[in-house]
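J.: Residue 4 in my numbering sits at position 4 of the sequence shown, with consecutive numbering throughout.
For every residue, glycine included, the Cβ atom is placed at its ideal position computed from N, Cα and C.
Small disclaimer: the values here were computed from a predicted structure and weren't measured.
Mind having a look at this structure? Questions to follow.
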Amino acid sequence: MEIKEAIIKAKEMMEKRKEQLELQKEKWAKIKVEQQQKDIQLRESKKKLEKELLNKWREKADEFFKAQDNVEGIKFIEEKGGHFALERGDRYALYLCSDGSFKEQYWGMYMGNSNIQKVNSAGFGIEKIKRILRLNLKELVIEQILELGKPKRHQVDTITDKITSKVFNEIFG
């Protein structure tokens, strides 16, 4: 093989490689566009589902507030200094107020119990909304009302200490 033939062959090989790279670029560009379209459709379907669930959530709350007993139960909890909690986490709580609004509370380094804010429903995930929809609000109100009637931990200890010291004094004089 002569040098000129080698140069011509190398140029042909380089041209073929260039064409193959262009084909691969086009192929990957198509795949990227398809993936982006799928992502957009997925986001839109999630937004639609989340919106539907939020509407169901609002309907459930409205239905719950139609019964005067339920409103009285929430007002009782609020009068005693509490909040009707739909969900409580380690540093988070979601409340339903007697006026029908939803509020949330985050605890952090600079936020105390007084930092309760109106809910930004856009930040909720689908799973959280589904969990809240599964709640039996009436049973939850009853449970929280009865919880208010129980003695606090330090009250129980004080009563137990008094009983223990009284029994001790009766036994040992």
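Could you tell me which residues DSSP pairs with ARG134 in its beta bridges?
T.: Position 134 of the sequence shown, counted from the start, is the residue given in the question as residue 134. In the DSSP output, where bridge partners are listed per residue, ARG134 has none listed.
J.: So, is ALA10 buried or exposed, given that buried needs 16 or more other C-beta atoms within 10 angstroms?
T.: Sequence index remark: in the sequence shown, residue 10 carries index 10 (1-based). Answer is exposed; the Cβ neighbour count stays below 16.
J.: Taking Cβ positions, are ASP98 and GLU78 nearer each other than 7 Å?
T.: To locate residue 98, count along the sequence shown from 1; it is residue 98. To locate residue 78, count along the sequence shown from 1; it is residue 78. As written in the sequence, residue 98 is Ser, which differs from the Asp given in the question. Their beta carbons are under 7 Å apart, which means SER98 touches GLU78 by this criterion.
J.: Tell me whether VAL33 is buried or exposed, calling it buried when 16 or more other Cβ atoms sit within 10 Å of its Cβ.
T.: As a working mapping, residue 33 is identified with position 33 in the sequence shown. Exposed, by the Cβ-count rule.
J.: Ends of the alpha helix (DSSP H) at LYS48?
T.: On the sequence shown, residue 48 is found 48 positions in, with the first residue counted as 1. It spans 3-66 - the alpha helix (DSSP H) in which LYS48 sits, taken as one unbroken run.
J.: Just checking, does the region 44-53 make contact with the region 69-76 on the three C-beta pairs under 8 Å criterion?
T.: Output reads no: the region 69-76 does not touch the region 44-53.
J.: How many Å lie between LYS118 and LYS38 at the Cα?
T.: By 1-based counting over the sequence shown, the position of residue 118 is 118. By 1-based counting over the sequence shown, the position of residue 38 is 38. One C-alpha to the other measures close to 34 Å.
J.: I'd like to check one pair, TYR92 with PHE84: are the Cβ atoms closer than 7 Å?
T.: In the sequence shown, residue 84 corresponds to position 84, counting from 1. In the sequence shown, residue 92 corresponds to position 92, counting from 1. No, they are not a contact pair.
J.: Starting from LYS118 and walking both ways along the beta strand (DSSP E), at which residues does that stretch end?
T.: Taking the sequence shown and counting its residues from 1, one reaches residue 118 at position 118. Element bounds for LYS118: 116-118.
J.: Have a look at ASP182 and ASN70 and give me their C-alpha separation to the nearest angstrom.
T.: Summary: the structure shown does not reach residue 182, with the chain confined to residues 1 through 173, and so no result is reported for it.
J.: Determine the DSSP secondary structure at PHE76, reduced to helix, strand or coil.
T.: For the purposes of this step, residue 76 is taken as residue 76 along the sequence shown, with counting starting at 1. Reduced to three states, the DSSP call for PHE76 is helix.
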